[in-house]
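Student: Here it is, the structure, as structure tokens.
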Amino acid sequence: LYIHCPGGRGRAPATALAYMMWVRGMQLDEAWTTLTTTRRCGPKIEAIRSATADLLLGTEPITTTIAVHRFGDAKRIQVAGLDVGWHNPLDMTRDPVTHRFELHRKLYPGKYQYKLIVDGNWTYSADHPTAKDGDNINNTLEVIPAKMDAVSMEKQIRYLTPGAQLMEDEKEELLALLCPWSTHGRAGPGGITAGVIGNGKSRIFLDDDQDGNKTDEVTA
125 LYIHCPGGRG RAPATALAYM MWVRGMQLDE AWTTLTTTRR CGPKIEAIRS
175 ATADLLLGTE PITTTIAVHR FGDAKRIQVA GLDVGWHNPL DMTRDPVTHR
225 FELHRKLYPG KYQYKLIVDG NWTYSADHPT AKDGDNINNT LEVIPAKMDA
275 VSMEKQIRYL TPGAQLMEDE KEELLALLCP WSTHGRAGPG GITAGVIGNG
325 KSRIFLDDDQ DGNKTDEVTA
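Given below as structure tokens:
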């Protein structure tokens, strides 16, 4: 399995992390340790926890709003991060009634980080919650799920708790959702297993666009 992104530090490792958990059945925290020990990277483990809950609970996206009240003489404000990444900023629009810049977007429940780009300058809002990400300060947005029944709420809390282990039936449900065909360790047509090496494990190769950076291999 070959996974590639421009930097090889966030999105590609996050994809590998999700594959290791959802398809290969590894416990998430153990998969994260295996991955980050092999390659210097920083996949957002909280995002995988939230996505796992979304898949298993069938959570619907919720309309959220980010609003900027204080912007001085700014002509254009964008939001980077959220669910679109840092390189695909979203334009905020000026509300004619409230005179504030707003972004309305449907997001699945979970925690998101974002930054503001004000007339081309990257910054954050002191009016919104913040969090440190290395040497950076980002704004944060927590999307609260709609009302759930007690059983679903209990499951969601478990899915979002560090160190939690999925039940075997939950692993099977994820695999059925993502890989309905017989691969990844399951016997395919004629008893042939696809996508794995001889010991029943997958070889994952992580790469980037940086010249001179080696490709790292993870076995899961």
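Numbering (my numbering), first residue to last: 125 to 344.
Note that CB positions come from ideal geometry on N, CA and C, so glycine has one too.
Compute the distance between the beta-carbons of Met272 and Gln280, then report whether it is under 8 Å.
Tutor: Against a cut-off of 8 Å, the Cβ pair of Gln280 and Met272 comes out as a contact.
Student: Start and end of the beta strand (DSSP E) containing Asp215?
Tutor: Start and end: 209 to 215.
Student: Glu266 and Lys295: beta carbons closer than 8 Å?
Tutor: No; because the gap between Cβ atoms is not below 8 Å, this pair is not in contact.
Student: DSSP on Leu125, reduced to helix/strand/coil?
Tutor: Three-state result, Leu125: coil.
Student: On a CA-only basis, which of Glu154, Ile241, Leu231, Ala140 is nearest Val203? Give me that one, please.
Tutor: Among Glu154, Ile241, Leu231, Ala140, the Cα nearest to that of Val203 belongs to Ile241.
Student: Judging by CA-CA distance, which residue of Trp246, His252, Ala136 is the nearest neighbour of Glu160?
Tutor: Sequence check: residue 160 is Thr here, not Glu. Checking every option, the nearest Cα to that of Thr160 belongs to Ala136.
Student: Might you give, ordered along the chain, the residues of its own chain that have their beta carbon closer than 6 Å to the beta carbon of Arg310, omitting 5 neighbours on each side?
Tutor: Annotation note: pLDDT 43 at Arg310 (below 50); position unreliable, coordinate value reported separately. None.
Student: Taking contact to mean at least 3 C-beta pairs separated by less than 8 Å, is the region 227 to 234 in contact with the region 251 to 258?
Tutor: With a cut-off of 8 Å, the region 251 to 258 and the region 227 to 234 do not count as touching, because too few Cβ pairs lie within range.
Student: Which partner residues does Phe195 have in the DSSP bridge list?
Tutor: Paired residues: none, contrary to the question.
Student: Taking the C-alpha atoms as reference points, what is the distance between Gly132 and Trp210?
Tutor: Computed Cα separation, rounded: 14 Å.
Student: Work out the CA separation of Thr157 and Thr101 for me, nearest whole Å.
Tutor: Only positions 125 to 344 of the chain appear in the structure, and residue 101 is not among them; the question remains open.
Student: CA-CA distance, Leu179 and Asp207?
Tutor: Rounded to whole angstroms, Leu179 to Asp207 spans 16 Å at the Cα level.
Student: Compare the C-alpha of Asp243 against each of Glu226, Asp197, Thr139 and name the closest.
Tutor: Ranking the options by Cα distance to Asp243, first place goes to Asp197.
Student: What whole-angstrom Cβ distance do Asn260 and Gly205 have, given they're in contact under 8 Å?
Tutor: About 11 Å; that fails the 8 Å criterion.
Student: Just to confirm the assignment, what range does the beta strand (DSSP E) spanning Arg229 have?
Tutor: Counting along the chain, the beta strand (DSSP E) containing Arg229 begins and ends at 225 to 231.
Student: Kindly indicate which three-state DSSP category Gln289 falls into: helix, strand or coil?
Tutor: The answer is coil: DSSP assigns Gln289 none of H, G, I, E or B.
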